[in-house]
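Undergrad: So in our numbering, spot 222 of the sequence shown is number 235, and the numbers just go up one at a time. Beta carbons: idealized from backbone N, C-alpha and C, even for Gly.
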Amino acid sequence: MSAPITQDVLTIPRKLPETGRTNIVGLTRDELRDVLIAAGTPEKQAKMRVGQVWQWIYHWGVRDFAGMTNLAKDYRALLAENFEISLPEIVTRQISEDGTRKYLVRIAGGHEVETVYIPEEGRGTLCVSSQVGCTLTCSFCHTGTQKLVRNLTAGEIVGQLLLARDDLGEWPVQGAPKDEARLVSNIVLMGMGEPLYNFDAVRDAMKVCMDNEGLSLSRRRITLSTSGVVPEIARTAEEIGCQLAVSFHATTDEVRNVLVPINKRWNIQTLLDALRDYPRLSNSERITFEYVMLAGVNDSDADAHRLVELIRGIPAKINLIPFNEWPGAPYKRSSNNRIHAFADIVYKAGYASPIRTPRGEDIMAACGQLKSATERGRKSKAQIAAEAAG
Ligand code: SAH
Ligand code: SF4
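1) On the DSSP bridge list, what partners appear for R114?
2) Quick one: residues in its chain with C-beta nearer than 6 Å to the C-beta of S347, no 5 flanking neighbours on either side, listed in chain order?
3) Only counting the same chain, and skipping five residues up and downstream in sequence, which positions put a Cβ closer than 6 Å to that of R42?
4) Among G182, S238, A93, A214, which residue has its Cα nearest to the Cα of G204?
5) Does the Cβ of F153 lie closer than 8 Å to at least one heavy atom of ligand 1?
6) So if DSSP puts Q256 in a beta bridge, which residue, or which two residues, is it bridged to?
7) Considering just the uninterrupted stretch of the alpha helix (DSSP H) at N280, what are its terminal residues?
8) Count the other CB atoms, across all protein chains shown, that sit within 10 Å of the CB of P101; report buried if there are 16 or more and exposed otherwise.
9) Which partner residues does Y304 have in the DSSP bridge list?
10) In terms of alpha-carbon separation, which member of A263, E207, P244 lies closest to T236?
11) Can you name, in chain order, every residue of its own chain whose Cβ lies under 8 Å from the Cβ of D87, other than the five neighbours on each side?
12) Please tell me whether L174 and S143 are closer than 9 Å, where the distance is taken between their beta carbons.
13) Should E94 be listed as close to ligand 1, given that the test is whether its C-beta is under 8 Å from any heavy atom?
14) Look at E183 and V201 and say whether their C-beta atoms are less than 9 Å apart.
15) Please classify E110 as buried or exposed, where buried requires at least 16 neighbouring CB atoms within 10 angstroms.
16) Cα separation between N270 and Y344?
17) Measure the C-alpha to C-alpha separation of D21 and H124 and round it to an integer number of angstroms.
18) In the DSSP assignment, find the alpha helix (DSSP H) that holds C222 and state where it starts and stops.
19) Does the Cβ-Cβ distance between I334 and S366 come in under 9 Å?
20) With a threshold of 8 Å, establish whether the CB of V273 neighbours any heavy atom of ligand 4.
21) If you run the structure through DSSP and keep just helix, strand and coil, what is E322?
22) Nearest to D213 by CA position, among E245, R234, S240, is which residue?
23) To the nearest angstrom, how far is it from the Cα of V104 to the Cα of S295?
24) Express the C-alpha separation of Q159 and V273 in angstroms, rounding to a whole number.
25) Measuring CB atoms only, is the segment 126-139 touching the segment 53-73, in the sense that at least three cross pairs come out at less than 8 Å?
26) Please report the residue range of the beta strand (DSSP E) in which V201 lies.
27) Taking 9 Å as the threshold (C-beta atoms), are G241 and L176 in contact?
28) Return the residue from the list E374, T265, R289 that minimises the CA-CA distance to A247.
29) Label K361 either buried or exposed according to how many other C-beta atoms from any shown protein chain fall within 10 Å of its C-beta, with 16 as the threshold for buried.
30) Taking the C-alpha atoms as reference points, what is the distance between E251 and P292?
31) Under 7 Å Cβ to Cβ from T150, same chain only, skipping five residues before and after it: list those, please.
32) To which residues of the same chain is L320 closer than 8 Å at the C-beta, ignoring the five residues directly before and after it?
Put into structure tokens, the structure is as follows:
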């Protein structure tokens, strides 16, 4: 069996069925311009209006048109008639002993995804989902046991950042001194789903997050993690420009075929060739190789030596992830001694080899543990389509 390239996914209409209004969140600047003109904004004013609305939503965190006080009352009314500023809804929020916050978020159609906020010394990282479920079936990943339900829209991806900032109270107050420390300073596309199988929405969402008049996150503070969708890797650099992480996890095709089955379509050598060609690759913008440590499966000294041989010549760091166990998982986490011995070999070969500290374990918020309601995962595509239509 080989991994699918295209998917049978449901698309969400831009006009919200309940209200007939268009949700502005997640539209690119060009799209916003088009819809403002279609709603009656004179073309000559369109660029200025885009800038104003954009700043209110993404810089000030305003959620209704009435609050956009530099716009004329009539224009605010026109906006309110035609548009919405709507975010996915937080269903539950769990806060771990270590401060990690896991949000269960409901999106259109009643589907749920998870978003995780991880506060660290000097920075805060938001782990964002790009799909409900995943088409891929990595054998160590909890999300991989759930079928793909649908791709998230750009608005639902940006919405995860907006709702986290709402929850953390992170919007500037007009007139107050500028506070440089940001609570959400980084984004990792490491939640549920394979971001490169939802390329356009992920790209548009990240463009909104990077825009300087709004959320203003630097492309260097955004990391997209892929299991190895080779044909989309170069586009990631060209069209998004963010940092890249690759779920490598094994040093032979035999083992990687089992752990990351997309390897059967694009094997280790093909993947490495694509990474060698990754535009902008330099020592300051290295590729992160994620490597989950599974006892007795991929964690031997020989694996460590093979790993550094394979990636030779690629500016890289190797992020060792102690396996996060989930109920029924077919693997065990490697021992601390084993992980450190592995890290040591990689480090001595000249690569940074940080060991990722599991965060939010008490609330199942750690890497790869994210998963929405399991019964949904077992529904057939036909059932899901029928529900969405009805
Ligand atoms: N689909 C993308 C991004 C989401 S997964 C990808 O596969 O890269 C984010 C990271 O968590 C990946 O490196 C993934 O391999 C890893 N991961 C998944 N399940 C895990 C688990 N149970 N323990 C540790 N890491 C896991
Ligand atoms: Fe999907 Fe990534 Fe999990 Fe693999 S590791 S099943 S690609 S979410």
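TA: Let's see:
1) When beta bridges are read from the DSSP output, R114 appears opposite I108, Y130.
2) Excluding sequence neighbours, S347 sits near M306, A308, D312.
3) Closer than 6 Å at the Cβ level, and outside the excluded window around R42, lie V63.
4) Considering only alpha carbons, the answer is S238.
5) Because some heavy atom of ligand 1 lies under 8 Å away, the Cβ of F153 counts as near it: yes.
6) T236, per the DSSP bridge assignment.
7) Segment: none, N280 is in no alpha helix (DSSP H) and carries neither H nor E.
8) P101 is buried by the Cβ-count criterion.
9) Y304 is bridged to L333.
10) For T236, the nearest C-alpha among the options comes from E207.
11) Here D87 has no same chain residue with a Cβ atom under 8 Å from its own Cβ, once five neighbours each way along the sequence are excluded.
12) In this structure, S143 does not lie closer than 9 Å to L174 by Cβ.
13) No - ligand 1 has no heavy atom lying nearer than 8 Å to the Cβ of E94.
14) For the pair E183 and V201, the CB atoms are not nearer than the 9 Å cut-off.
15) E110 counts as exposed, since fewer than 16 other beta carbons sit within 10 angstroms of its beta carbon.
16) Their Cα atoms are separated by approximately 16 Å.
17) Because D21 sits at a pLDDT of 37, beneath the cut-off of 50, its placement in the model cannot be relied upon, and the following sentence gives the value as read from the coordinates. Linking D21 to H124 through their CA atoms gives a straight-line distance of about 16 Å.
18) Following the DSSP letters along the chain, one finds C222 inside the alpha helix (DSSP H) bounded by residues 212-223.
19) Pairing I334 with S366 gives a Cβ-Cβ distance that is not under 9 Å.
20) Looking at this structure, you won't find ligand 4 anywhere; what it does contain is ligand 1 and ligand 2.
21) DSSP, reduced to helix, strand and coil, places E322 within a helical segment of the structure shown.
22) The residue with the shortest Cα to Cα distance from D213 is E245.
23) The alpha-carbon atoms of V104 and S295 are separated by roughly 41 Å.
24) Taking C-alpha positions only, V273 is separated from Q159 by approximately 15 Å.
25) Taking 8 Å as the limit for Cβ pairs, the verdict is that the segment 53-73 does not touch the segment 126-139.
26) 199-202 is the span of the beta strand (DSSP E), which, as asked, contains V201.
27) Note that the C-beta distance between L176 and G241 is not below 9 Å.
28) Check the Cα spacing between A247 and each of E374, T265, R289: the tightest is with R289.
29) With fewer than 16 other Cβ atoms from the protein chains shown falling within 10 Å of its own Cβ, K361 counts as exposed.
30) Taking the straight line from one Cα to the other gives about 7 Å.
31) Hits under 7 Å: G157, P274.
32) Contacts found: F261, T264, F302, Y304, I331, V359.
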